[in-house]
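A short write-up of the structure that comes next.
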Amino acid sequence: MNKGFVLWFTGLSGSGKSTLSKLVEERLLERGVKVEVLDGDEVRTNLSKGLGFSKEDRDTNIRRIGYVAKLLSRNGVCAITAAISPYREIRDEVRKSVEERAAFVEVYCECSIEKLTERDVKGLYKKALAGEIKNFTGVSDPYEPPLNPEVVCKTGEESVETSLNKIIKTLEMMKLIPVDPSADYTEEEEEEVAKRLKDLGYLG
Amino acid sequence: MSFLKNILKKREPRVVMIGLDGVPQTLLKKLMDKGICPNIKKLVKSSRLYQMDASLPEISSVSWASFMTGTNPARHGIFGFTELKPNSYSISFPNYLSLKEKTIWDRIGEKDKKSSILNLPGTYPAREHKGILISGFVAIDLKKSVYPQSLYEKLKSMDYRIDVDTTRAKDKDFFYKDLFETLEKRKKVFSELWDEQCDLFVAVITDTDRLQHFEFDAIVDENAERYESAMRFYQKVDEAVGEILDKTNDKDFVMMMSDHGFTQIEEEVYLNRILVQNGFLKWEEDPPSEFGKMAKETIAFAMDPSRIYIHRKGKYPKGSVEEKDVPKIKEDLKNLFASLERNGKKVIKSFFFKEDIYEGDYLDLAPDIVLLSNYGFDLKGNPKAKEPFDKTHFSGMHTRDDAFLITDKEFSKKPHIEDVSKIILEKFNG
């Protein structure tokens, strides 16, 4: 257990990547997993400071995040990345590189532009649609959804809890994280289970 | 009006699986021949009835887990009702959340298909999936047995019972009354929840298994005191099945199955006592109060119902068996059980090494050996038993080779319980 891996969120701005990545981080820490979150917005203020939003700069940004995630994952850390990462080719390039030594789990936060515009937490969509922000992914810049992501979170429709559970369950199923210890019965329940089993002759 | 009713009732075709826990194919045939189960007979006429192999060990928790995941225990991770905690002798109880593989409804849920899963053993505590769920055995708390939570009030108002009260199974009048009432309530809940929109409907009657554990003699012996009661119960089971079948239409795909068979117990066989008598097991105090009283000289021990574990060094706190000695020990155990006889009859029918029956990531957790007894010898892992053979109040024991499956799918060889999920998934992929 506790193999390192990369949990790679992708999706439009405002689709829930940062929110979910923080919640996943909490859940994993509870289970004794080492975690590091590389948030897109944060990375742009240090690791990728100075890079813009041209295709070339975006690719460089993602490659840098991918490189750091790879280093972390091969040292037993769960590296969670939460950047738009709009281009399929670059995501797949990072996947290939990570998978040489560790697992790569792609989480697609799927949410329609209509829904995002309606929510518009950061007020960015309004501005982008009005032409005030250029190269805005999903509005004036392309977004290529993943073809075979390990998890699809329909963040426009389902609750945060549902999305979170999907991710956690997938990680459990892939044996990348230990199963929740609280999945065990309570003491009273255990006694009751033992009693029921004894009644049917399964427990001495 | 009826035109409007039909319009309102129009729905997508469903895959329907009705489970009868522990009902042997041979018994089902007899009951149909006797006219006790006309509804099931009608279904069989338009379909096929197979005898099916259950999992190893042939108990509900393992078999139903194999049904719901389509995998063997070394993949789904359930080898019995009980396990020893890692590097410990204390017992833990694997449950729905310990299942290591996705279920059929997890898989079809990813394609937005809804499932209603009702009273399937091994689904406690309830967890989220696309659809609804009522946990089956060993469900304890009704609140934790339902998904979504809104079902709780409904079930409570319908006075739903998770299970019969087996603590009072020796009081036969009470036991039968309880069986009939519990089945009636279950039938009503199944009927009510049929109206929930779904693509896969799985409903399991578990009361059949309970009847058979305590009253199998009454089912097979026409002269038995409670034969009539047992037959009346099976008529009720058939009625409950019929009520679901009446709701299906030609476009639905209807199947039925059980998770293992049953036969009469001649004697219970206490494997740990046999291991003690043959020098494989030593208790610090005998009989022991728990598995923790195992002495370090112990070579092998048994857990219910038929699992043998080698007391390996490094795996158990007092484990002393070195890896290099394991092959010889396995052979010695094989010889011991192959030669085990009682009143001139062989006790053990087959002897399986884990590598020969399981494959998957959880092979390490598997018992080293699984035994399969001849009919009549009910294998037990109770560490406290003082004698190797005994006969208690239990009347029926599980069998591996006599589960049943009703499906229109053609099989060239005898189906296995792990095959069933494929038939269901094909319906959704096809």
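As they're listed, the protein sequences go chains A and B. Quick note: the first sequence uses my numbering, first residue 6, plus one each step. Quick note: the second sequence uses my numbering, first residue 666, plus one each step. C-beta atoms are modelled at their ideal positions from N, C-alpha and C, and glycine is treated no differently.
| said: Which runs of the alpha helix (DSSP H) at least 4 residues long sit entirely within the stretch 872-911 of chain B? Give them in chain order. | reply: 872-885
| DSSP state of glutamate 677 of chain B, grouped into three classes? | coil
| field | chain B contact for threonine 160 of chain A (CB, 8 Å cutoff) | value | no
| message | Assuming glutamate 98 of chain A is part of the alpha helix (DSSP H), what are its boundary residues? | response | 93-103
| threonine 831 of chain B touches chain A at which residues, Cβ-Cβ below 8 Å? | Arg201, Asp204, Leu205
| task | Taking only the alpha-carbon atoms, compute the straight-line gap between arginine 1007 of chain B and serine 726 of chain B and give it to the nearest angstrom. | result | 29 Å
| query | Taking contact to mean at least 3 C-beta pairs separated by less than 8 Å, is the stretch 833-840 of chain B in contact with the stretch 763-783 of chain B? | reply | no
| chain A partners of lysine 835 of chain B, CB-CB under 7 Å? | Correct list: empty, because the minimum Cβ distance to chain A is about 10 Å.
| Going along the chain, which residues of its own chain have a beta-carbon closer than 6 Å to the beta-carbon of glutamate 41 of chain A, five neighbours each way excluded? | Leu77, Val82, Ala84
| Residues that DSSP places opposite lysine 1010 of chain B in a beta bridge | B:Arg1007
| request: In the DSSP assignment, find the unbroken beta strand (DSSP E) run with phenylalanine 918 of chain B in it and report its ends. | output: 918-922
| message | Once the 5 residues before and after valine 919 of chain B are set aside, which same chain residues still bring their CB inside 6 Å of it? | response | Val681, Thr913
| message | Check whether the stretch 89-103 of chain A and the stretch 11-20 of chain A touch, using three or more Cβ-Cβ pairs below 8 Å as the test. | response | yes
| Residue of B:Phe802, B:Gln862, B:Asp771, B:Glu861 minimising C-alpha distance to lysine 174 of chain A | B:Asp771
| request: Starting from the Cα of leucine 1036 of chain B, find the closest Cα among B:Phe1017, B:Phe1042, B:Phe881 and give me that residue. | output: B:Phe1017
| query | At a Cβ threshold of 8 Å, is asparagine 66 of chain A touching chain B? | reply | no
| In chain A, which residues lie less than 8 Å from threonine 747 of chain B when you measure between Cβ atoms? | Leu202, Tyr207, Leu208
| said: Relative to the C-alpha of lysine 750 of chain B, which candidate in B:His1063, B:Leu1030, B:Lys995, B:Asp990 has its C-alpha closest? | reply: B:Leu1030
| Which one of B:Phe1093, B:Ala967, B:Asp1066 has the shortest CA to CA distance from valine 688 of chain B? | B:Asp1066
| query | By how many angstroms is the C-alpha of tyrosine 754 of chain B removed from the C-alpha of phenylalanine 956 of chain B? | reply | 6 Å
| Taking C-alpha atoms, which residue in A:Asp125, A:Leu134, A:Leu33, A:Ile95 lies nearest to proline 151 of chain A? | Nearest to proline 151 of chain A by alpha-carbon distance, out of A:Asp125, A:Leu134, A:Leu33, A:Ile95, is A:Ile95.
| How is the alpha helix (DSSP H) around serine 733 of chain B delimited, first residue to last? | Note on identity: in this sequence residue 733 of chain B is methionine, with serine being the wrong assignment. 725-734 is the span of the alpha helix (DSSP H), which, as asked, contains methionine 733 of chain B.
| field | Burial state of arginine 875 of chain B (16 or more Cβ within 10 Å) | value | buried
| task | Decide yes or no for the touch test of the stretch 893-910 of chain B against the stretch 837-857 of chain B: beta carbon pairs closer than 8 Å, at least 3 of them. | result | yes
| query | Count the other CB atoms within 10 Å of the CB of lysine 733 of chain B; is the residue buried (16 or more) or exposed (fewer)? | reply | Just to set this straight, residue 733 of chain B is methionine in the shown sequence, not lysine. It is buried - the Cβ of methionine 733 of chain B has at least 16 other Cβ atoms within 10 Å.
| message | Using a 10 Å radius around the Cβ and a threshold of 16 neighbouring Cβ atoms, would you call methionine 179 of chain A buried or exposed? | response | exposed
| request: Identify the contact partners of lysine 767 of chain B in chain A, using a Cβ-Cβ distance below 7 Å as the criterion. | output: Per Cβ cutoff of 7 Å: Met178.
| Environment of arginine 63 of chain A [buried if 16+ CB atoms lie within 10 Å] | buried
| request: Quick one: using the 10 Å Cβ neighbour count with 16 as the cut-off for buried, is methionine 6 of chain A buried or exposed? | output: Caution is warranted here: a pLDDT of 41 is assigned to methionine 6 of chain A, below 50, making its placement in the model unreliable, and the coordinate value is therefore given only provisionally. Exposed, by the Cβ-count rule.
| message | Going by DSSP in three states, methionine 666 of chain B sits in which element: helix, strand or coil? | response | Confidence at methionine 666 of chain B is low in this model, with a pLDDT of 46, below 50, so the placement of that residue should be treated as unreliable; the coordinate-derived value is given next. If DSSP states are grouped into helix, strand and coil, methionine 666 of chain B belongs with coil.
| request: Note down the Cα distance separating threonine 86 of chain A from valine 73 of chain A, rounded to an integer number of angstroms. | output: 10 Å
| Looking at C-alpha atoms only, which residue of B:Asp924, B:Asp911, B:Ser810 is the closest neighbour of histidine 1063 of chain B? | B:Asp924
| said: Is there a C-beta anywhere in chain B that falls below 8 Å from the one on asparagine 153 of chain A? | reply: no
| Can you find a CB in chain A that lies within less than 8 Å of the CB of serine 763 of chain B? | yes
| field | Contact list for asparagine 170 of chain A against chain B, beta-carbon separation under 9 Å | value | Arg792, Glu793
| query | DSSP beta-bridge partners for threonine 142 of chain A? | reply | A:Asp146
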